[in-house]
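*Asks:*
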Amino acid sequence: MKDRLEELKNHINHGRVPSEMDDTLMFDNHAFEKTETNPIEKFLQEVAELSLALAELEGLSQLTDKKQQGVLCCTAEESVFKEKNELHVIIIKASFASQAQLIQPQLSTIQAQAGHRLYYRDIINHHYACETQNMVRLKEKMVRQAELAGVKLQEEDLEKLVANPVPPQMVGCDLDVLNAKQGLALAEVCQRQLLDLEYHISELHSVFFQVEMFVSGQHELLDSIEYNILHTQDYVEQSNETVKKALKCKRQSSFLMVVSTVSGLCACCTCLSCITRPVH
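Note that the working numbering has the sequence shown beginning at 1, numbered continuously upward.
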């Protein structure tokens, strides 16, 4: 076989890069040629990967159950605080859910392997059975601790405490925290009621203000009516005085007319006497 090392060095020394080499320096290595995967090998590889995934899923389920058992068994204040602040349970549950979602499509593609599907179903059923059992035990434990502490928990409060990702223990400052939360809820309710009352008072104040404006407007109208009545009374009094003067003047004029009439008659009588007097 011809040694190509010297030839390669000469090409590099002359400033040529390996990509610019002649076709004579390039050849295919049949050992690294990509061959088509055998269907049986592909199937076995999928089965092996699925078995590993199921084993990992079962391990996550067991680890979750172990962590929850540790939370239920905590009694000392230090251990309770440690378990409450440990978030591995949440991470493990999330990993279990995501891993289960990834495995389920793989099971549907392998129709011939019913055993894996049964194994997967058993793992899921066992996991959720343990979850349900732990939730029931946790409720019972919290109810017992609340009874020992003299605290009466409502069903709604119990559901909220159980639904908490890190369930609190009814020891130490947890009771104070629970009482503080209940007091805060009552304070918020009272605050909302006070805000509603303030809103209704403001509305009532606006109504009273409108009534006051209406009454003030009516008062001005009443003042105007009173002024017109007084002015009318003055005018009536003036009219009465004028009528009295007119009647007085009328009586005087009637008397003068009578006097003048009588005087005229007297004058006429004098003239007639003069006319009828005999001539001597």
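Even glycine gets a Cβ: it sits at the ideal position worked out from N, Cα and C. Predicted, not measured: the structure shown is a model, and the values here were computed from it.
Candidates I123, V177, Q45, N179: which alpha carbon is nearest L63's?
*Replies:* Per the Cα distances, I123.
*Asks:* Would you grab the beta carbon distance between Y128 and L54 for me? Rounded to a whole angstrom, and I think it's under 8 Å.
*Replies:* Not really, about 16 Å apart at Cβ, beyond 8 Å.
*Asks:* By Cβ distance, which residues of its chain are closer than 8 Å to L158, with the 5 residues on each side in sequence left out?
*Replies:* K139, M142, V143
*Asks:* Here's the rule I'm using: 16 or more other beta-carbon atoms within 10 Å means buried, otherwise exposed. How should S61 be labelled?
*Replies:* buried
*Asks:* Under 9 Å between the Cβ atoms of C130 and D196?
*Replies:* D196 sits away from C130, with the two beta carbons spaced by 9 Å or more.
*Asks:* If you draw a straight line from the alpha carbon of L52 to that of E58, how long is it in whole angstroms?
*Replies:* 10 Å
*Asks:* Could you spell out where the alpha helix (DSSP H) holding K152 opens and where it closes?
*Replies:* Segment: none, K152 is in no alpha helix (DSSP H) and carries neither H nor E.
*Asks:* For my contact list, R125 and Q68 are in at a C-beta cut-off of 8 Å; report their separation, rounded to the angstrom.
*Replies:* First, the amino acid is wrong: residue 125 is Asn here, not Arg. Incorrect: roughly 17 Å between the Cβ atoms, too far for contact.
*Asks:* Using the Cβ count rule (16 or more neighbours within 10 Å means buried), how would you classify L153?
*Replies:* buried
*Asks:* Between the Cα of A146 and those of N179, Y199, V211, spot the shortest distance and give me the residue it belongs to.
*Replies:* N179
*Asks:* Between the alpha carbons of G70 and V136, how many angstroms are there, rounded?
*Replies:* 15 Å
*Asks:* Any idea if L50 is buried or exposed, counting beta-carbon neighbours within 10 angstroms, 16 or more meaning buried?
*Replies:* buried
*Asks:* Can you tell me the Cα-Cα spacing of A246 and D234, whole angstroms?
*Replies:* Cα atoms of A246 and D234: separation of roughly 18 Å, rounded to the nearest angstrom.
*Asks:* Only counting the same chain, and skipping five residues up and downstream in sequence, which positions put a Cβ closer than 7 Å to that of L256?
*Replies:* none
*Asks:* Please state whether DSSP places A112 in a helix, a strand or coil.
*Replies:* Residue placement at A112 is poorly supported in this model, since its pLDDT is 49, which falls under 50; the coordinates still yield a value, given next. Coil at A112, not helix or strand.
*Asks:* Can you tell me the Cα-Cα spacing of F214 and L230, whole angstroms?
*Replies:* 24 Å
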